[in-house]
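Novice:
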């Protein structure tokens, strides 16, 4: 394989992806050290050292000099800590956390093609350097000469390197030629090739390694520099590095090799042996046609060259996974369409084909679940960013805060992960700035410990993921919240609100109780943004607060944004989908169970409680729907905060797994509608947002207006019922999740005009 075939940008992208994963691991382990600096796990230190070492090695390959220089100093300090030369204290751990933050910033700068101003991290760099080398850092970011040699001046040494690849080395995308080129950059290199393991032409397998090498390197580099060349292949080879004429050899992996390779250092004449014969033999062997043998005939390496069984993995671009998810979604739709066609066949033929379609449905479901599992990722990648945020904010606000996390390995769709960071950051900032008391002294006066606690947890519940942020602060000051809401005109002074409704005011647009604008809060772009972002993900957020005790925020999100298990309901001639995870029960109310409130809102009595009734035919202006609730069905659903509402529908048509098609790219957000899908008969159905429906019904009753005049569509501008135009249907049936924004007729556009 030629290096000309390498795509440098692709390798850089892979490097930065790996850096992100490595830094998450380091951050987690450093957080453990921070909690227990007295009882340090040696494996944690070794793991953090390996992270920094890997980051430095990759940065050197791409000439990220600033990153290499800082990582070198950071790595040197960690090495001294591993050797027990430096005692681990709380101050040392704090310094390591700062160093990890800077390493993250340097990687981000390298990814953006820039560098960080030296003054941004020189203080931390000097502290690291004093501990690592007992001297302040140089102004240059590159390691000094004195740091890369064993004595005060450079010394030329001869290294004898025995490199015996395991057969699977090439299968793991490792290329010996690259190792040779890296060593040539270190000094004068002489190479000897051993072809003793090369089988006959008929038994050669093209992706197995048969050659071994002895390298003689004359260089002024350090032993660690030589080791770095092989750091990514140590699992796939037997490697021994010896310094010529030294009694102690540094061994990466001690494996039994041929006597002439390990007994004594070869003489100059032996190591400078001509390569022409072996080179020609290698070329002829590798250019010969390969005849793959069956597994039973595959040559088994002798001795310690037998490779252990291991779990292998590959990196796949997310776009490829998304395309696969879309194709599986279309397969689900097609399977549903075929199934519906079979139901229309004569009974004998339908019965004959039923078993086949049952198996097809089962296999389709298995394929879909397997593909969706590829997109699932633990929330750990998001949670790992929070400790740094808490540290920085606590320092800036002068508060003592401890972060506790749980459920980091709870999995959710990657799309949800990517969009979860901003809302979660807002919530954490809100907890530290508004939830936690102003000073530790205030907490002591309130009978609490100086150290405040913020808890971040994740758990699966009823087919959704719940992200919970809890603090043990002062709770929501409801009098202050209500006064601020009146001041901003959000509510009127004479409104009588429950505690729950007052708490919910913090999600109002532009709402903030901060007295002054700072870089932490007071800009009025806080919790309303959180609710909007969560809503865009098909989720909901609620708040529970006890004055003087603390506040809890609960985000409920779907596990995936690609498919949905839903209940198909009919209202008039229209079909809608309600998520099964939101449905509690369904019933047909009697006339005695139906009541109307003074503000015009209708409720249904259910086991001693009154549940608000949401009439879809009114909100969406649907003719031919059943208007008498006692002759229709009420689907009871759960909304934010565990509350219940009843959605009035004509009938339930059955459960169905549907593929979610987003409307966001080409349409403004539509109240009460979260997305669309295609049913088995090819018809488009809208997926209902139950929280949005409740908000619409509340708004209608709050204004004391007939709901028909406050619906989704204006009846004068849109006399037609909601019926997605043919072009919308065609768009939803292709492989794209987007809907065309152009080429709508005037009538079609008018059908979907949203009234403010």
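Residue numbers (the UniProt record's numbering): 1 to 756. Ideal placement from N, C-alpha and C gives every residue a C-beta, glycine not left out. Since this is a predicted model, take the numbers as computed values, not measurements.
Between the C-alpha atoms of residue 404 and residue 394, what's the straight-line distance to the nearest angstrom?
Specialist: Residue mapping note: residue 404 aligns to position 404 of the chain shown, counting from 1. Residue mapping note: residue 394 aligns to position 394 of the chain shown, counting from 1. Approximately 14 Å, taken between the alpha carbons.
Novice: I'd like the span of the beta strand (DSSP E) that includes residue 377, first residue to last.
Specialist: Counting from one through the chain shown, the residue named residue 377 turns up at place 377. First-last of the beta strand (DSSP E) with residue 377: 376-378.
Novice: Answer with yes or no whether the minimum CB distance from residue 212 to chain B is below 8 Å.
Specialist: Reference to chain B is not applicable here, since this structure consists of a single protein chain.
Novice: Grouping DSSP H, G and I as helix and E and B as strand, with all else coil, what is residue 194?
Specialist: Here residue 194 refers to the residue found at position 194 when the chain shown is read from its first residue. Strand at residue 194.
Novice: For the structure I just gave you, are there three or more beta carbon pairs, one from the stretch 186-195 and one from the stretch 167-174, closer than 8 Å?
Specialist: With a cut-off of 8 Å, the stretch 167-174 and the stretch 186-195 do not count as touching, because too few Cβ pairs lie within range.
Novice: List the DSSP bridge partners of residue 471.
Specialist: Within the chain shown, the letter at position 471 stands for residue 471. Per DSSP, 454 and 551.
Novice: Name the DSSP beta bridge partners of residue 238, please?
Specialist: Numbered from its first residue, the chain shown carries residue 238 at position 238. Beta-bridge pairing links residue 238 to 164.
Novice: So the candidates are 375, 639, 337 and 600; which of them puts its Cα closest to the Cα of residue 682?
Specialist: The residue labelled residue 682 in the question sits at position 682 within the chain shown. Per the Cα distances, 337.
Novice: Please determine if the stretch 358-370 and the stretch 323-334 are in contact, where contact requires at least 3 C-beta pairs separated by less than 8 Å.
Specialist: At 8 Å Cβ cutoff, the stretches touch.
Novice: Short of 6 Å in beta carbon distance, which residues of its chain neighbour residue 693, apart from the five on each side in sequence? Order them along the chain.
Specialist: The residue labelled residue 693 in the question sits at position 693 within the chain shown. So the list reads 614 and 672, once near-sequence residues are dropped.
Novice: Buried or exposed for residue 700, please, with buried defined as at least 16 other CB atoms from any protein chain shown within 10 angstroms of its CB.
Specialist: The residue labelled residue 700 in the question sits at position 700 within the chain shown. Buried.
Novice: Taking three-plus beta-carbon pairs below 8 Å as touching, is the stretch 23-39 in contact with the stretch 376-391?
Specialist: Yes, since at least three Cβ pairs between the stretch 23-39 and the stretch 376-391 fall closer than 8 Å, the two stretches touch.
Novice: Which same chain residues, not among the five before or five after residue 402, have their C-beta less than 8 Å away from its C-beta?
Specialist: Counting from one through the chain shown, the residue named residue 402 turns up at place 402. Closer than 8 Å at Cβ, skipping near neighbours: 451, 452, 453 and 454.
Novice: Does the Cβ of residue 352 have 16 or more other Cβ atoms within 10 Å, making it buried, or fewer, making it exposed?
Specialist: Numbered from its first residue, the chain shown carries residue 352 at position 352. Label assigned to residue 352: exposed.
Novice: Do residue 612 and residue 646 count as a contact pair if the criterion is CB distance below 8 Å?
Specialist: Residue numbering aside, residue 646 sits at position 646 when the chain shown is read from its first letter. Residue numbering aside, residue 612 sits at position 612 when the chain shown is read from its first letter. In contact: residue 646 and residue 612 (Cβ atoms closer than 8 Å).
Novice: Among the residues of its own chain, which have a CB less than 7 Å from the CB of residue 436, if the five just before and after it don't count?
Specialist: As a working mapping, residue 436 is identified with position 436 in the chain shown. If we look at residue 436 and ignore the five residues flanking it on each side, its Cβ neighbours are 399, 401, 452, 471 and 473.
Novice: Thinking residue 571 and residue 639 are a contact (beta carbons under 8 Å), I'd like their distance in whole angstroms, please.
Specialist: The residue labelled residue 571 in the question sits at position 571 within the chain shown. The residue labelled residue 639 in the question sits at position 639 within the chain shown. With 8 Å as the limit, residue 571 and residue 639 do not qualify as a contact, their Cβ atoms being about 19 Å apart.
Novice: Leaving out five residues on either side along the sequence, give the residues of the same chain with a beta carbon under 7 Å from the beta carbon of residue 460.
Specialist: One-based indexing of the chain shown puts residue 460 at position 460. Once the five neighbours on either side are set aside, the close Cβ partners of residue 460 are 410.
Novice: Measuring from the CB of residue 133, is there a heavy atom of the ligand FAD at a distance below 7 Å?
Specialist: With respect to small molecules bound, the structure shown includes none, and the ligand FAD cannot be examined in it.
Novice: Specify the secondary structure class of residue 662 as computed by DSSP and reduced to three states.
Specialist: Taking the chain shown and counting its residues from 1, the one referred to as residue 662 is at position 662. Of the three classes helix, strand and coil, the one that applies to residue 662 here is coil, per DSSP.
Novice: Under 6 Å Cβ to Cβ from residue 142, same chain only, skipping five residues before and after it: list those, please.
Specialist: Within the chain shown, residue 142 is the residue found at index 142, counting from 1. Unreliable positioning characterises residue 142 in this predicted model, as indicated by a pLDDT of 45, which lies under 50. The coordinate reading is nonetheless provided below. So the qualifying residues of the chain are 65 and 69.
Novice: Which residues in the same chain as residue 417 place their Cβ atom closer than 8 Å to its Cβ, once the five residues preceding and following it in sequence are excluded?
Specialist: Taking the chain shown and counting its residues from 1, the one referred to as residue 417 is at position 417. Same-chain partners within the cutoff: 377, 379, 381 and 382.
Novice: Go through its chain and collect everything with a Cβ distance to residue 340's Cβ below 8 Å, but skip five positions before and after it.
Specialist: As a first step, residue 340 is located in the chain shown; it is residue number 340 there, counting from the start. Excluding sequence neighbours, residue 340 sits near 680 and 681.
Novice: When we look at the beta-carbon of residue 501 and count the other beta-carbons within 10 Å, is it buried (16 or more) or exposed?
Specialist: As a first step, residue 501 is located in the chain shown; it is residue number 501 there, counting from the start. Result: exposed.
Novice: Does DSSP classify residue 561 as helix, strand or coil?
Specialist: By 1-based counting over the chain shown, the position of residue 561 is 561. Looking at residue 561 - three-state DSSP - the assignment turns out to be coil, as it is neither helix nor strand.
Novice: Check each candidate in 212, 200, 199 and 80 and name the one with the smallest Cα separation from residue 175.
Specialist: By 1-based counting over the chain shown, the position of residue 175 is 175. If we check each option's Cα against that of residue 175, 212 comes out closest.
Novice: Based on DSSP bridge pairs, tell me the residues matched to residue 545.
Specialist: Here the question's residue 545 lines up with position 545 in the chain shown. Partner(s): 551.
Novice: Please give the ranges of any alpha helix (DSSP H) in the stretch 334-372, keeping only runs that are unbroken, at least 4 residues long and fully inside the region.
Specialist: Entirely contained in the stretch 334-372, not one alpha helix (DSSP H) run reaches 4 residues.
Novice: In the DSSP assignment, what are the bridge partners of residue 567?
Specialist: Your numbering for residue 567 matches position 567 in the chain shown. Residue 567 is bridged to 578 and 655.
Novice: Pick from 189, 57 and 427: whose alpha carbon is nearest that of residue 107?
Specialist: To locate residue 107, count along the chain shown from 1; it is residue 107. Minimum Cα distance to residue 107 is reached at 57.
Novice: Could you tell me which uninterrupted alpha helix (DSSP H) segments, each at least 4 residues in length, are contained entirely in the stretch 203-238, listed from first to last along the chain?
Specialist: Listed in chain order, they are 223-229.
Novice: Exposed or buried, residue 346, counting other C-beta atoms within 10 Å across all chains shown (16 or more means buried)?
Specialist: Residue mapping note: residue 346 aligns to position 346 of the chain shown, counting from 1. Per the 10 Å Cβ criterion, exposed.
Novice: Any chance the stretch 580-591 sits against the stretch 539-548, with 3 or more Cβ pairs inside 8 Å?
Specialist: With a cut-off of 8 Å, the stretch 539-548 and the stretch 580-591 do not count as touching, because too few Cβ pairs lie within range.
Novice: Should residue 42 go down as buried or exposed, given a rule of 16 or more other Cβ atoms within 10 Å for buried?
Specialist: On the chain shown, position 42 is the one that residue 42 refers to. Exposed.
Novice: Tell me, which residues are paired with residue 610 by DSSP?
Specialist: Mapped onto the chain shown, residue 610 falls at position 610. In the DSSP output, where bridge partners are listed per residue, residue 610 has 605.
Novice: At 4 residues or longer, what runs of the alpha helix (DSSP H) sit wholly inside the UniProt domain "HPt" (4-110)?
Specialist: Here the runs fully enclosed are 8-35, 42-61 and 65-82.
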